[in-house]
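Going by numbering that gives the first Met the number 0, 12 is the number at position 13 of the sequence shown; the sequence numbering is gapless. Positions of the beta carbon are idealized from the N, C-alpha and C atoms, including for glycine. Here the structure is a predicted model, which is why all the values come from computation and not from measurement.
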Amino acid sequence: MAIEFRLLQRSDSIADLTALLHAAYAQLQRLGFNYTAVDQSEQTTRDRIAGGECYVAIDAGHIIGTILFRRHSRGCAWYEQRHVAAVHQFGVMPTAQRSGIGKKLIQLCETRAIETGATEIALDTAEGAAHLVGWYERLGYRPVAIEQWQGKTYRSLILSKDLHGSAVA
Ligand SMILES: CC(C)(COP(=O)(O)OP(=O)(O)OC[C@H]1O[C@@H](n2cnc3c(N)ncnc32)[C@H](O)[C@@H]1OP(=O)(O)O)[C@@H](O)C(=O)NCCC(=O)NCCS
Numbered sequence: 000m001a002i003e004f005r006l007l008q009r010s011d012s013i014a015d016l017t018a019l020l021h022a023a024y025a026q027l028q029r030l031g032f033n034y035t036a037v038d039q040s041e042q043t044t045r046d047r048i049a050g051g052e053c054y055v056a057i058d059a060g061h062i063i064g065t066i067l068f069r070r071h072s073r074g075c076a077w078y079e080q081r082h083v084a085a086v087h088q089f090g091v092m093p094t095a096q097r098s099g100i101g102k103k104l105i106q107l108c109e110t111r112a113i114e115t116g117a118t119e120i121a122l123d124t125a126e127g128a129a130h131l132v133g134w135y136e137r138l139g140y141r142p143v144a145i146e147q148w149q150g151k152t153y154r155s156l157i158l159s160k161d162l163h164g165s166a167v168a
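Below you can see the structure in the form of structure tokens.
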């Protein structure tokens with residue numbers, strides 16, 4: 000059956016969404032990066048998705064991927080610019096990774112950014128997560144800032160993509 004990409008619905012399980020994030024981010028924990036999604040509570044999942052658009056990939060009724068789109072995000076000067084949208088809480092179930100689901104999720108958010116009048120879309124990741132930084136760069140993101148957030152074992156690289164000239168997919 001085809002994978003469905005849609006907004007999180009009230010009937011979807013926050014426990015399942017949280018478990019998916021834990022499973023996806025376990026590989027980053029093993030690399031020594033204590034991303035919030037490694038062990039966040041269900042309440043943190045709720046708090047994070049409030050005010051944003053949480054998209055999910057559904058396979059046979061199960062959430063196998065997720066991403067959070069925010070037209071206006073917070074946490075650093077780059078995010079707080081009016082023309083900048085952002086994505087967070089991005090993960091795909093390990094068994095479903097590397098089959099294009101992540102790319103689809105991020106492209107969906109780029110489309111939402113354009114539709115909502117943003118001209119940049121940004122995200123952050125561990126500066127030392129070279130495989131992720133490389134992938135984002137291949138998708139057209141460029142490093143724009145470094146942040147050291149409280150409690151994190153790593154410095155975060157903020158990457159941003161210029162959406163001028165991008166058409167709504
Ligand atoms: C990052 C993530 C969301 C991407 O989702 P995905 O469904 O695997 O992504 P896709 O299949 O669309 O594309 C993956 C790309 O990354 C590469 N990739 C994925 N995992 C990789 C790994 N462990 N090492 C090296 N490259 C990797 C693939 O080769 C592919 O590159 P390409 O498009 O140039 O061929 C997913 O791998 C994941 O959940 N990772 C763990 C959590 C995470 O890193 N979240 C993001 C934190 S900022």
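Counting of Cβ neighbours within 10 angstroms places A14 among the exposed residues, the total staying below 16. Under the three-state reduction of DSSP output, H61 falls in the strand class. The three-state reading of DSSP puts L107 in helix, counting H, G and I together. At least one heavy atom of ligand 1 is found less than 7 Å from the C-beta of W134. The alpha helix (DSSP H) runs of length 4 or more contained entirely in the segment 33-57 are, from start to end of the chain, 41-48.
When secondary structure is reduced to three states using DSSP, A129 falls in the helix class.
Under the three-pair Cβ rule at 8 Å, the segment 53-64 counts as touching the segment 80-100. Remark: the shortest separation between the CB of I120 and any heavy atom of ligand 1 does not fall under 7 Å. Beyond the five residues adjoining it in sequence on each side, A112 comes within less than 7 Å, by CB distance, of A84, I120, L162 in the same chain, given in chain order. Per the C-alpha coordinates, the member of A49, A125, C75, Y78 positioned closest to Y24 is A125. Nearest neighbour of M0 by Cα position, chosen from I157, A56, T44, turns out to be A56. Your pair L27 and T44 does not check out as a contact, with CB atoms roughly 17 Å apart and the cut at 8 Å.
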